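J.:
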Amino acid sequence: MTGWDISPSGVESILSLVGLAADDLSKDVKGYGTSVQDAAESAGTISGPYCGGPPVGPVGAAVANFVSDTESSIKFMAARIKKTMDGTVKATGAYIDGDLAMAARAQRDAAKAPTPAELQAVGERAKHGGGE
Numbered sequence: 001m002t003g004w005d006i007s008p009s010g011v012e013s014i015l016s017l018v019g020l021a022a023d024d025l026s027k028d029v030k031g032y033g034t035s036v037q038d039a040a041e042s043a044g045t046i047s048g049p050y051c052g053g054p055p056v057g058p059v060g061a062a063v064a065n066f067v068s069d070t071e072s073s074i075k076f077m078a079a080r081i082k083k084t085m086d087g088t089v090k091a092t093g094a095y096i097d098g099d100l101a102m103a104a105r106a107q108r109d110a111a112k113a114p115t116p117a118e119l120q121a122v123g124e125r126a127k128h129g130g131g132e
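Under full-length UniProt numbering, the first residue of the sequence shown is numbered 1, with each subsequent residue one higher.
Below, the structure written as structure tokens:
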């Protein structure tokens with residue numbers, strides 16, 4: 001890399017837009033969870049009369065399996081967004097400080113896949129009502 005030409009205010013503007021999009025995505029994912037749960041409960045069953053809560057039918061079970069199968073992808077996406085934004089802030093800060101080697105390292109680190117700890121942190125935030 002021979003040099004960079006970064007506008008810190010431009011980066012800040014874009015990160016602000018990405019943050020808003022990430023917030024919207026978080027709300028959509030929460031709504032998705034509620035909608036999927038409602039769909040699974042409303043899908044009906046093939047059984048007759050029952051006592052207690054309604055049994056889960058084959059469609060409800062398929063919906064639950066779909067959610068289970070896609071949960072890790074959703075967590076990965078949230079962790080990737082957070083890691084990319086954090087790395088962008090770090091790289092831009094290093095650029096402002098004039099340390100191009102540090103900026104390049106921050107950029108490379110941000111491009112890596114989220115670690116298991118970063119994925120777990122996203123899952124923990126989601127359980128406690130926060131979302132990224």
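Note that the Cβ used here is the ideal one computed from N, Cα and C, for glycine as well. Note that this is a predicted model, so its numbers are computed, not measured.
Using the Cβ count rule (16 or more neighbours within 10 Å means buried), how would you classify Gly19?
T.: With fewer than 16 other Cβ atoms within 10 Å, it is exposed.
J.: Under a three-way DSSP split, which group does Ser7 fall into?
T.: DSSP places Ser7 in coil when its eight states are reduced to three.
J.: Below 9 Å between beta carbons: does that hold for Ala22 and Ala106?
T.: Against a cut-off of 9 Å, the Cβ pair of Ala106 and Ala22 comes out as no contact.
J.: Taking its Cβ as the centre, do 16 or more other Cβ atoms sit within 10 Å of Thr115, making it buried, or is it exposed?
T.: The residue in question, Thr115, is exposed, as its Cβ has fewer than 16 Cβ neighbours within 10 Å.
J.: Check each candidate in Glu41, Ser72 and Arg108 and name the one with the smallest Cα separation from Ala121.
T.: Out of Glu41, Ser72 and Arg108, Ser72 has the C-alpha closest to the C-alpha of Ala121.
J.: Going by the CB atoms, is the gap between Leu119 and Ile81 shorter than 9 Å?
T.: No.
J.: Would you identify the three-state DSSP class for Ala43, choosing helix, strand or coil?
T.: In this structure, Ala43 counts as coil in the three-state DSSP scheme.
J.: Determine whether the beta carbon atoms of Met102 and Leu15 lie at a separation below 9 Å.
T.: The answer is no: Cβ separation not under 9 Å.
J.: Does DSSP classify Glu132 as helix, strand or coil?
T.: Caution is warranted here: a pLDDT of 47 is assigned to Glu132, below 50, making its placement in the model unreliable, and the coordinate value is therefore given only provisionally. In the structure shown, Glu132 sits in coil (DSSP, three-state: anything other than H, G, I, E or B).
J.: Taking the C-alpha atoms as reference points, what is the distance between Asp5 and Lys112?
T.: Approximately 23 Å, taken between the alpha carbons.
J.: Would you decide whether Lys27 is buried or exposed? Buried here means 16 or more other CB atoms lie within 10 Å of its CB.
T.: The residue in question, Lys27, is exposed, as its Cβ has fewer than 16 Cβ neighbours within 10 Å.
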